[in-house]
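Participant:
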Amino acid sequence: MKNSPASHGRILFMHEAYDIPFVQEKWLPVWDQLTPFKSGNADDPRPKKYVLDMFPYPSGDLHMGHAEAYTLGDVIARYWVQKGFNVLHPIGWDAFGLPAENAAIKRSADPRAWTYENIAVQKSSMRRFACSFDWDRVLHTCDPEYYKWNQWLFIEMFNKGLAYRKDSPVNWCPSCQTVLANEQVVAGLCERCDSVVTKKKLNQWYLKITDYADRLVDDMAELEGQWPEKVLMMQRNWIGRSQGAEVKFEIEGRSEAITVYTTRPDTLYGATFMVVAADAALASELVEGTQVAPVLAKYMEEVKAASDIDRLATDRPKSGIFLERYAINPVNGERIPIWASDYVLADYGTGAIMAVPAHDQRDLDFARAMKLPIRLVVETGEEDPSATGIAAAGEGKLINSGSLNGLAKDAAIAKIIEELSAKNLGIGAKNYRLRDWLISRQRFWGTPIPIIHCPSCGEVPVPQDQLPVELPDATGIDLKPKGSSPLGAIESWVNVPCPKCGAAAKRDADTMDTFMDSSWYYLRYVSNTNNEVAFDRKEVDTWLPVDQYVGGVTHAILHLLYSRFITKVLFDMGKVGFQEPFTKLLNQGMVLMDGSAMSKSRGNLVKLSDELEKHGVDAIRLSMVFAGPPEDDIDWADVSPSGSLKFLNRAWRISGDVTSKPGVDFATGDLSLRKVTHKSLNDISFAVETFRFNVAIARVMELVNATRKAIDSGCGPSDPAVREAAEAIAIALSLVAPFTAEEMWERLGHKPAVALAGWPAIDPALLEEDAVTVILQVNGKIKDRIDVNPNISESDLEKLAMENPEIKAAIAGAIITKVIVRAPKLVNIVL
RNA sequence: GCCUCGGUACUCCAACGGUAGAGAGGGCGGACUCAAAAUCCGCACAGUGUCGGUUCAAAUCCGACUCGAGGCACCA
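Below you can see the structure in the form of structure tokens.
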């Protein structure tokens, strides 16, 4: 059973090269023993870094996308370990969710088995992929030990009034047979299965994220520059805060005024009618008992018949009905008609608007369709809206507006709000697009909502000492989606005495949105085995917030917004000491094939296991980071794993050529190679810290090339500088190609693990260059280049430039207007 | 429709406002070989999407356009 290199594996080179499968099998058990990535305890003197990868959903084995994401997180974690930090780099599984349940239905089995099998597969793949996880920190959200704390969190929020139930039209996926949060509806379709989402009126649990809307927007200031601008923009967009005013309109024949929300109170004089949401209670109330009531009812039927997709089409003609009621414009006493339409949303603002057709496109469309008057109140220089059909949305001076005449927009808004406030007719106000987070789900495989419904006590939270409310064994239970939770059908589970009065009561049969599970999991890692609390405050204070979060941009809104929300809730409860969970965020791109996302149906699926088999773990990891900037998509068709492997072999061969002994004094080595080594290490550090991993690899390649040259035709293999360079290469490569690096480290005469070797100290003296090239320009055109000492003074450099023959020739006889000297870079002589 | 980001060689990608090329892939040629692979050496190809502005100097800053990617989309 002898394992000789180059005879054992599938990947063979006649030239000296290492045996990939052999080397991979060789080091894994060694690392298992050494646990180089076990995070230190609270008393660890090293400064901490919490590097977090978004945890996977256990749907089968790891794929190319996982490989990219986890390589990026791994490079970062390994880098900070080398730099002497106490690094926490944990992993877990986002293990509740529909795929497990659907698989269970297909095989009439328990979702548990499928889930834990997949977790085992992924876990072993991660080990083989050399992920630097701390395997003592693992969590699975489907473990009762985890979801117990999910339930605890829910009850805490319930007690604070942040979790509540309400009747509301909700998004319903007819295929998944469950409700969806707003965030899970993409262009009218279910984000999971692409079915057309319908509306259903249901009583559901919500979390009051809208209470935190302002803070979610404002606190983004501290994420500026730390998170991708794109994500911040998407969140701002999603929350959709707008500034405006609420204005009261008296209603003829009604004691109570109607309040409308507008972002353009300056155009109040241009309001020629009012529109209320057709489905709002207000609309039906206004026509109650009149002959219009049946007309409204009929209109409502038509509106309901139109699908969400139709509703989304913005070019759809406006529809609505006149309610035969009138409102009084508070600024000019004008009597304006009240209409009902589906273009006004019941659950935004007050569900009623003042319509200013001259300056709002939607109102203009409606006015033209219904033949309602249009009055200009802002002089924008645009053409007449009633003629062109295009609203004059631009800025200009106010006209036809009483006291506002002549003012510009901002001044007019300030003035009108002041005037309205003085008469108690209006007030400055904000509004949000964000809605409360609907977390009930009518499915089995999730955290049971820990509430007991008692006929006399109402909603009673399950007492702390009875948590967790465990999911029953699913074997023999019909999990097929029927529109209500399968748990509700299990008599023995659902029927319980009320914890307060002891009367017969029922458990809430719904389960929580799995985004609840993932909205706080980063806290659980620090106390993953603690059964007393969800997370220990001392551990949290030691490790949190997360220093570096790595994951896909697909979670830009959902997961990241919910996590930020929950963190703020926990902060307010005094359970954590920070308000933003993720200090820095890196979004990796996707791995594509031939320009599009990989999928079996498209026939462009690249299997990770095949690639690993063909090229080895290191070459795949290297290819992932070398392909380009991490946030860009990678087209696997553009990537050359064999090229990566070629480079790794080139690097590895250097370790075999070194003839000096470990511990040799580098200071006596060849100066020019030493300079390259130190410059490279410096550049690699900088590139890694700024996430330019592709550049970092390019620098390692340069160092390998320089070392090769030094060995073959320079100072020779015995020079200490060659060992210094080879060790630097091994340490740098340990971030991305751990097997190759460990093998190099061994051949260089060291004991494992290279991962703990420590980043070499950089000698600043070696970063100074002997000579730099200066550009000599005349009128910005390059005439010559000269090598000078990098510390040359500006006057000396100017003198040198003036003496240069090329320059002399170029300026002969001309008058010099200006001389720009930027030592030691260039001299530009302007004639 | 509105907003954000991007466009550099055949391809993927580098370049504090100051030499357009770091690195790689692919191609071609040579050395080695019976031959191929691997390895080593060499070569070529040529380009900052378009137009304008700021500047001594623009791939880089500003504006418009164009193409591509993404987000929001009756949110008043």
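Going by the numbering used here, the first sequence opens with residue 13, and the numbers climb by one from there. Note that the Cβ used here is the ideal one computed from N, Cα and C, for glycine as well. In this text the structure is predicted, and so the values were computed from the model without any measurement.
Rounded to whole angstroms, what's the CA-CA distance from Val449 to Met524? Just pull it up for me.
Facilitator: Per the sequence shown, the amino acid found at residue 449 is Trp instead of Val. Distance between the alpha carbons of Trp449 and Met524 is about 11 angstroms.
Participant: For Val481 and Lys160, what's the separation of their Cα atoms in angstroms?
Facilitator: 7 angstroms
Participant: Any chance you could list the beta strand (DSSP E) runs of at least 3 consecutive residues sitting entirely within the segment 757-805, in chain order?
Facilitator: List check, beta strand (DSSP E) in window: 784-790 and 793-800.
Participant: Reducing DSSP to helix, strand and coil, say where Phe547 ends up.
Facilitator: Note: Phe547 maps to coil in three-state DSSP.
Participant: Any chance the segment 168-178 sits against the segment 218-236, with 3 or more Cβ pairs inside 8 angstroms?
Facilitator: yes
Participant: Using CA coordinates, which residue listed in Ala517, Tyr574 and Gln255 is at the minimum distance from Ser530?
Facilitator: Tyr574
Participant: Is it the case that the Cβ atoms of Ile429 and Leu416 are separated by a distance below 8 angstroms?
Facilitator: no
Participant: Alpha carbon to alpha carbon, what distance is there between Lys518 and Glu623?
Facilitator: The alpha-carbon atoms of Glu623 and Lys518 are separated by roughly 52 angstroms.
Participant: Decide yes or no for the touch test of the segment 532-542 against the segment 98-106: beta carbon pairs closer than 8 angstroms, at least 3 of them.
Facilitator: Inter-segment contact for the segment 532-542 and the segment 98-106 is present: three or more beta-carbon pairs are separated by less than 8 angstroms.
Participant: According to DSSP, is Ser267 part of a helix, a strand, or is it coil?
Facilitator: Ser267 falls in the coil class under three-state DSSP.
Participant: Would you check if the distance between the CB atom of Thr459 and the CB atom of Gln163 is smaller than 8 angstroms?
Facilitator: Between Thr459 and Gln163, the CB-CB gap stays under 8 angstroms.
Participant: Per DSSP, which one or two residues make a beta bridge with Ile350?
Facilitator: Met286 and Arg337
Participant: Apart from the five residues just before and just after Ile23, which ones in its own chain have a Cβ nearer than 6 angstroms to its Cβ?
Facilitator: Any reading at Ile23 must be qualified, since the residue scores a pLDDT of 37, below 50, and its modelled position is unreliable; the value itself is stated next. Cβ neighbours of Ile23 within its own chain (closer than 6 angstroms, five residues either side excluded): Ile32.
Participant: Could you tell me if Val390 is buried or exposed, where buried requires 16 or more neighbouring beta carbons within 10 angstroms of its beta carbon?
Facilitator: buried
Participant: According to DSSP, what are the bridge partners of Leu604?
Facilitator: Note: Leu604 sits in a beta bridge opposite Ala609 and Asp647.
Participant: Can you tell me the Cα-Cα spacing of Gly440 and Glu258, whole angstroms?
Facilitator: 6 angstroms
Participant: Just checking my contact of Ile646 with Gly601 at CB under 8 angstroms: how many whole Å lie between their CB atoms?
Facilitator: That belief holds up - the Cβ atoms of Ile646 and Gly601 are roughly 6 angstroms apart, short of 8 angstroms.
Participant: With a floor of 4 residues, list each alpha helix (DSSP H) that falls wholly inside the segment 416-448, ordered by position along the chain.
Facilitator: 421-434
Participant: So, at 6 angstroms on beta carbons, what are the nonlocal neighbours of Asn194 in its own chain, with the 5 sequence-adjacent residues on each side left out?
Facilitator: Arg447
Participant: Could you give the distance in angstroms between the alpha-carbon of Tyr360 and the alpha-carbon of Val197?
Facilitator: 17 angstroms
Participant: Would you check if there are 3 or more beta carbon pairs closer than 8 angstroms linking the segment 64-83 to the segment 133-151?
Facilitator: yes
Participant: State the DSSP-derived secondary structure class of Asn840, mapped to helix, strand or coil.
Facilitator: In the structure shown, Asn840 sits in a strand (DSSP, three-state: E or B).
Participant: When the Cα atoms are used, what is the spatial distance from Asp520 to Gln255?
Facilitator: Rounded to the nearest angstrom, the two C-alpha atoms are 39 angstroms apart.
Participant: Looking at Asp731 and Asp782, is the spacing between their C-beta atoms short of 8 angstroms?
Facilitator: Contact flag unset, no.
Participant: Check Ile666 in the structure and name its three-state DSSP category.
Facilitator: The answer is helix: DSSP assigns Ile666 an H, G or I state.
Participant: Apply the 10 Å Cβ neighbour rule to Leu192 and answer buried if 16 or more other Cβ atoms are within range, or exposed otherwise.
Facilitator: buried
Participant: Within 10 Å of its beta-carbon, does Gln476 have 16 or more other beta-carbons around it, so buried, or fewer, so exposed?
Facilitator: exposed
Participant: Counting Cβ pairs, one atom from each stretch, are 3 or more of them under 8 angstroms apart for the segment 351-358 and the segment 286-298?
Facilitator: Output reads yes: the segment 286-298 touches the segment 351-358.
Participant: For the alpha helix (DSSP H) containing Asp396, name the first residue and the last one.
Facilitator: Where Asp396 is concerned, there is no enclosing alpha helix (DSSP H), given that its DSSP letter is neither H nor E.
Participant: Would Ala132 be called buried (16 or more neighbouring beta carbons within 10 Å of its own) or exposed?
Facilitator: exposed
Participant: Is DSSP giving Arg22 helix, strand or coil here?
Facilitator: Its pLDDT being 35, under 50, Arg22 is placed unreliably by the model, and the measurement read from it follows with that caveat. Here Arg22 sits in coil by DSSP.
Participant: Helix, strand or coil for Ile402, going by three-state DSSP, please let me know.
Facilitator: coil
Participant: Could you give the DSSP three-state label for Trp250: helix, strand or coil?
Facilitator: helix
Participant: Let's test the definition: count the other Cβ atoms within 10 Å of the Cβ of Thr566 and tell me whether it reaches 16, buried, or not, exposed.
Facilitator: exposed
Participant: Hey, Ser413 and Tyr273: beta-carbon distance below 8 angstroms or not?
Facilitator: No, the Cβ-Cβ distance between Ser413 and Tyr273 is not below 8 angstroms.
Participant: Assuming contact is defined by CB atoms lying nearer than 8 angstroms, are Lys442 and Arg253 in contact in what I supplied?
Facilitator: Their beta carbons are under 8 angstroms apart, which means Lys442 touches Arg253 by this criterion.
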